[in-house]
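All remarks here apply to the structure that follows.
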Amino acid sequence: MKNRILLAILFAAVLFTPSCLKDQKDLFDEPSSARMQSYLENVRDVLTYVTDEGWVMDYYPGSSFAGISIVLKFTEQEVTALSEKDPYTEETSTFRLTTDDGPVLSFDTYNSIIHEYATPSSTLYQAKGGDFEFDILKVSEEEIVLRGKRSRNYCFLHPLFDDAEDYLLAVKEMENSISVAAVATTIDGVEYEGFLDSATRTFSYGEKGTPDDNLTNKRYVVTPTGLRFAGEFSIGEESFTEWVYDEDAEEFIDEMSGTVFEKLIPPGWVSYDDYLGNWTLNYDGGSFNVSITVNEQGNSYWLDGISKGGFKILLSYNGGRGRLGWVRQRVGASGTKEIACCPWDAASGYYTWAEGVGMYGYVEDTEAEHLEVKWADNGVWRQTSDYQVDSWLCMILDPNNSDNSTGATGSYLFANNSYQLAGPITFVKK
Amino acid sequence: MKRYILILALAAVALLSLSSCKKDKLSRESVIKDSSVEMNDFDYWLEENFLKPYNIEFMYRFSLNESDKGYWTVPADIDAAIIYAHLVKYLCVDTYDEVAGVDFTRAYFPKMFFLIGEWEYRNNGSFILGTAEGGKKIMLSGVNYIPYIFEEYTGSELEEQINYYYIKTIHHEFTHIINQTKAYSETFQNVTPSTYVADACFDTDEYWLGRGYITAYAQSEPREDFAELLSEYITHSDAWWSAQLSTADTQTTEVRKSNPEAPNGADVIRTKIDIVRDYMKTEWNVEIDELRAAVNRRTADVVAGRVDLSDVSI
Numbered sequence: 002m003k004n005r006i007l008l009a010i011l012f013a014a015v016l017f018t019p020s021c022l023k024d025q026k027d028l029f030d031e032p033s034s035a036r037m038q039s040y041l042e043n044v045r046d047v048l049t050y051v052t053d054e055g056w057v058m059d060y061y062p063g064s065s066f067a068g069i070s071i072v073l074k075f076t077e078q079e080v081t082a083l084s085e086k087d088p089y090t091e092e093t094s095t096f097r098l099t100t101d102d103g104p105v106l107s108f109d110t111y112n113s114i115i116h117e118y119a120t121p122s123s124t125l126y127q128a129k130g131g132d133f134e135f136d137i138l139k140v141s142e143e144e145i146v147l148r149g150k151r152s153r154n155y156c157f158l159h160p161l162f163d164d165a166e167d168y169l170l171a172v173k174e175m176e177n178s179i180s181v182a183a184v185a186t187t188i189d190g191v192e193y194e195g196f197l198d199s200a201t202r203t204f205s206y207g208e209k210g211t212p213d214d215n216l217t218n219k220r221y222v223v224t225p226t227g228l229r230f231a232g233e234f235s236i237g238e239e240s241f242t243e244w245v246y247d248e249d250a251e252e253f254i255d256e257m258s259g260t261v262f263e264k265l266i267p268p269g270w271v272s273y274d275d276y277l278g279n280w281t282l283n284y285d286g287g288s289f290n291v292s293i294t295v296n297e298q299g300n301s302y303w304l305d306g307i308s309k310g311g312f313k314i315l316l317s318y319n320g321g322r323g324r325l326g327w328v329r330q331r332v333g334a335s336g337t338k339e340i341a342c343c344p345w346d347a348a349s350g351y352y353t354w355a356e357g358v359g360m361y362g363y364v365e366d367t368e369a370e371h372l373e374v375k376w377a378d379n380g381v382w383r384q385t386s387d388y389q390v391d392s393w394l395c396m397i398l399d400p401n402n403s404d405n406s407t408g409a410t411g412s413y414l415f416a417n418n419s420y421q422l423a424g425p426i427t428f429v430k431k
Numbered sequence: 005m006k007r008y009i010l011i012l013a014l015a016a017v018a019l020l021s022l023s024s025c026k027k028d029k030l031s032r033e034s035v036i037k038d039s040s041v042e043m044n045d046f047d048y049w050l051e052e053n054f055l056k057p058y059n060i061e062f063m064y065r066f067s068l069n070e071s072d073k074g075y076w077t078v079p080a081d082i083d084a085a086i087i088y089a090h091l092v093k094y095l096c097v098d099t100y101d102e103v104a105g106v107d108f109t110r111a112y113f114p115k116m117f118f119l120i121g122e123w124e125y126r127n128n129g130s131f132i133l134g135t136a137e138g139g140k141k142i143m144l145s146g147v148n149y150i151p152y153i154f155e156e157y158t159g160s161e162l163e164e165q166i167n168y169y170y171i172k173t174i175h176h177e178f179t180h181i182i183n184q185t186k187a188y189s190e191t192f193q194n195v196t197p198s199t200y201v202a203d204a205c206f207d208t209d210e211y212w213l214g215r216g217y218i219t220a221y222a223q224s225e226p227r228e229d230f231a232e233l234l235s236e237y238i239t240h241s242d243a244w245w246s247a248q249l250s251t252a253d254t255q256t257t258e259v260r261k262s263n264p265e266a267p268n269g270a271d272v273i274r275t276k277i278d279i280v281r282d283y284m285k286t287e288w289n290v291e292i293d294e295l296r297a298a299v300n301r302r303t304a305d306v307v308a309g310r311v312d313l314s315d316v317s318i
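Listed in order, the protein sequences are those of chains A and B.
In our numbering, each number is its position in the first sequence, counted from 1, plus 1.
In our numbering, each number is its position in the second sequence, counted from 1, plus 4.
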């Protein structure tokens with residue numbers, strides 16, 4: 002009987018035990034919403050009161066597009082922007098500091114300067130990879146670090162203490178004065194080379210002799226004194242964020258470490274202007290005449306004469322290497338279908354419509370009377386397959402049909418009267 | 005000895021249960037914080053013209069949660085949004101007030117408009133003008149082109165641009181909303197049951213009128229056919245409608261080359277619009293010809309510059 006009573010008491014003890022309240026001590030004095038509001042108020046104060054001249058935003062859109070400097074002047078509710086593309090024109094819109102899994106800076110009404118790279122079109126339905134809503138990662142009076150909510154690209158804001166227009170004009174002046182597209186340096190006895198692609202404002206670097214596919218890329222913007230990179234990066238044991246350009250010596254200097262990056266002219270380097278003009282395009286089975294004309298001076302060209310019906314191909318210019326680039330691109334539309342110039346591995350018969358896949362054009366003998374451009378796979382397709390580009394197809398791409406096996410017809414044929422342009426492809430200058 | 009154990013056990017249980025008594029104080033301050041966004045003149049105008057009388061929220065500032073993340077887009081320009089707000093008010097809200105009564109508008113007109121600056125582009129270059137969600141929200145795209153349209157076009161061209169890209173979209177999406185509230189007769193989808201082509205609607209030949217569809221998009225499915233018929237009908241004149249029927253009649257000859265049994269396209273459209281007319285009258289007590297007259301008169305006012313589209317004074 003007593004055992005039963007004891008068991009009943011034990012049962013009661015177990016029953017009451019969960020009612021013991023453990024009071025977790027608060028780690029913070031305020032609830033999270035109050036702390037978030039306080040944080041955002043601090044962000045607003047930093048944006049509006051640290052400087053009267055505004056903040057320079059190092060804005061990085063999609064990797065195919067160059068980073069750009071935009072000056073942003075904040076008031077309590079509005080932001081006025083002007084960019085290095087046109088330092089004389091400013092535009093005002095609103096912004097909002099809000100929360101979404103963390104603090105967010107949103108430019109929530111349209112501003113053609115801020116939203117340029119986020120604006121889509123029928124040919125660029127994903128816009129230019131730009132953002133207008135940013136996670137706020139770091140805030141101080143010296144630097145604000147943001148991350149695009151869609152692209153995940155980092156953007157950096159630095160306080161400006163000079164006149165915005167003067168700053169942006171100085172940026173343009175510096176860009177025009179930089180005559181170095183490839184650099185070399187030695188760190189701890191190791192020789193390094195790097196290549197500046199002004200079209201995408203990307204610095205590609207590695208130990209001397211590193212193949213193109215294995216180079217490391219770092220994006221940058223131009224400042225009145227030189228280059229500022231998208232965050233710190235290392236070469237060997239040295240770390241870099243900002244370089245000063247010495248126009249007389251034609252070299253970049255990292256002021257913190259004193260490391261000098263001397264001008265390098267890589268073998269096979271051809272200037273932008275030397276690619277302009279009339280060429281013979283040779284392919285497997287024949288040749289026809291084409292011409293290369295200016296699209297964006299110093300950065301890209303139009304390849305004209307490539308097609309039967311008049312469409313042109315956009316070629317890029319890599320100033321660091323002095324080379325051409327030719328990637329998959331849309332050339333027209335048929336109803337809801339896209340007509341695209343697609344990279345093709347003629348030997349295997351496979352082709353792709355993936356963005357970024359294509360070839361680069363290079364010159365081996367820069368002293369030749371008639372320059373000859375040879376084309377080679379740019380390595381992008383090989384990252385996900387065993388195929389490599391040596392030829393091109395003009396295809397009708399059906400978004401509702403993954404087969405996509407229809408060759409273009411009529412005016413969308415190449416100048417050889419076929420939707421196929423089989424390699425090896427070379428251009429010989431006339 | 006066993007008695008002491010019993011007493012001790014009882015005491016322990018009593019202590020355990022006593023320790024659970026604790027009162028946790030709640031803060032008097034709410035954890036919900038006010039927005040730090042201050043209202044501007046346009047916000048006050050929207051409050052007076054949409055929110056207070058109709059409980060309609062007109063969102064012109066971008067909100068990630070309201071947007072369709074499947075598309076790349078940008079916010080609306082504030083000046084363009086002001087023009088659009090006036091167009092929605094004068095050409096849609098006020099029109100339904102006039103024809104169907106303010107109670108109809110308050111009860112059924114969508115409760116939220118969300119504007120975005122660009123079109124929602126698909127990867128094939130086509131784009132979306134607007135969408136309706138759950139009978140409550142209409143998303144309207146391409147807002148930033150409105151000032152350009154007013155600068156570039158006049159007269160009937162301006163009227164066509166406003167209707168095609170903006171106002172017809174609202175009537176089209178509103179048709180979906182009222183259809184979701186009260187279904188239309190199944191007779192409608194049996195008029196041309198075998199010629200709907202879903203996503204291939206823009207890939208057909210150009211003889212959709214001959215097949216009995218008022219637009220290419222109407223060929224996609226019955227509910228779009230219904231919405232296209234009503235929105236096209238009320239945003240165009242009687243002369244335009246007659247011209248469409250005449251073309252439909254002519255195109256029937258072409259359609260019958262491949263399908264000799266095809267009915268006359270004009271007759272098919274007449275049959276369908278009669279069902280639409282009957283639905284609107286029976287279910288909503290709205291005469292679509294009255295609605296069309298009001299829309300056309302009001303659109304003419306806008307095109308003639310008789311409506312101030314930038315005034316946000318209250």
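The beta-carbon is built from N, C-alpha and C at its ideal position, and this holds for glycine as well.
* Asked: Can you tell which of GLU291(B), PHE117(B), TYR152(B) has the C-alpha that lies nearest to the C-alpha of LYS141(B)?
  -> PHE117(B)
* Assigned secondary structure, GLN421(A) (DSSP; H/G/I helix, E/B strand, else coil) -> strand
* **For ILE273(B), the three-state DSSP class (helix, strand or coil)** => helix
* Asked: ALA80(B) and TYR111(A): beta carbons closer than 8 Å?
  -> yes
* Looking only at its own chain, which residues have a Cβ that is under 7 Å from the Cβ of ASP163(A), when we skip the five neighbours before and after it? -> GLU54
* **C-beta atoms of ASP346(A) and GLN384(A) nearer than 8 Å** => no
* Asked: Is the CB of LEU133(B) under 8 Å away from at least one CB in chain A?
  -> no
* Any contact of the stretch 60-71 of chain A with the stretch 129-137 of chain A, i.e. 3+ C-beta pairs under 8 Å? -> yes
* Asked: Going along chain B in order, which residues have a C-beta closer than 8 Å to the C-beta of HIS116(A)?
  -> VAL78, PRO79, GLY121
* Asked: How is TRP393(A) classed by DSSP in three states: helix, strand or coil?
  -> strand
* Asked: LYS338(A) lies in the beta strand (DSSP E); which residues open and close that run?
  -> 338-346
* Asked: Is the number of C-beta pairs between the stretch 287-300 of chain A and the stretch 237-248 of chain A that are closer than 8 Å three or more?
  -> no
* **Chain-order list of residues whose beta-carbon lies under 8 Å from that of VAL51(A) (same chain, five-residue window excluded)** => GLU142, PRO160
* CB GLY146(B) to CB GLU122(B), shorter than 8 Å? -> yes
* State the beta-bridge partners of VAL223(A) as determined by DSSP. => LEU228(A)
* To do: Spell out whether any CB of chain B is found under 8 Å from the CB atom of GLU356(A).
  => no
* Please name the residues in the stretch 153-171 of chain B whose beta-carbon is closer than 8 Å to at least one beta-carbon of chain A, in chain order. => none
* **Beta carbon of VAL80(A) nearer than 8 Å to that of TYR168(A)** => no
* Please confirm whether VAL332(A) and GLU373(A) have their CB atoms less than 8 Å apart. => no
* Asked: Just by C-beta distance, which residues in the stretch 207-221 of chain B are closer than 7 Å to chain A?
  -> ASP207
* Compare the beta carbon distance of ASP399(A) and LYS338(A) with 8 Å and say whether it is the shorter of the two. => yes
* If you measure from the CB of GLN165(B), is any heavy atom of the ligand COA nearer than 7 Å? -> Of ligands this structure carries none, so the ligand COA is not represented either.
* Asked: Does the distance from the CB of ASP432(A) to the CB of PHE66(B) come in under 8 Å?
  -> Only positions 2 to 431 of chain A appear in this structure, which leaves residue 432(A) out of reach.
* To do: Flag LYS26(A) as yes if its beta-carbon sits less than 8 Å from any beta-carbon of chain B, otherwise no.
  => no
* To do: Tell me whether PRO264(B) is buried or exposed, calling it buried when 16 or more other Cβ atoms sit within 10 Å of its Cβ.
  => exposed
* Asked: Would DSSP call THR201(A) helix, strand or coil?
  -> coil
* Over what stretch of residues does the beta strand (DSSP E) that includes THR294(A) continue unbroken? -> 287-297
* To do: Please confirm if the stretch 66-74 of chain A is in contact with the stretch 210-228 of chain A, defined as three or more CB-CB distances below 8 Å between the two stretches.
  => yes
* chain B beta carbons: is any one of them nearer than 8 Å to that of ARG97(A)? -> yes
* **Range covered by the beta strand (DSSP E) that runs through GLY432(A)** => What the structure shows of chain A is the stretch from 2 to 431, and residue 432(A) is not part of that stretch, so it cannot be assessed.
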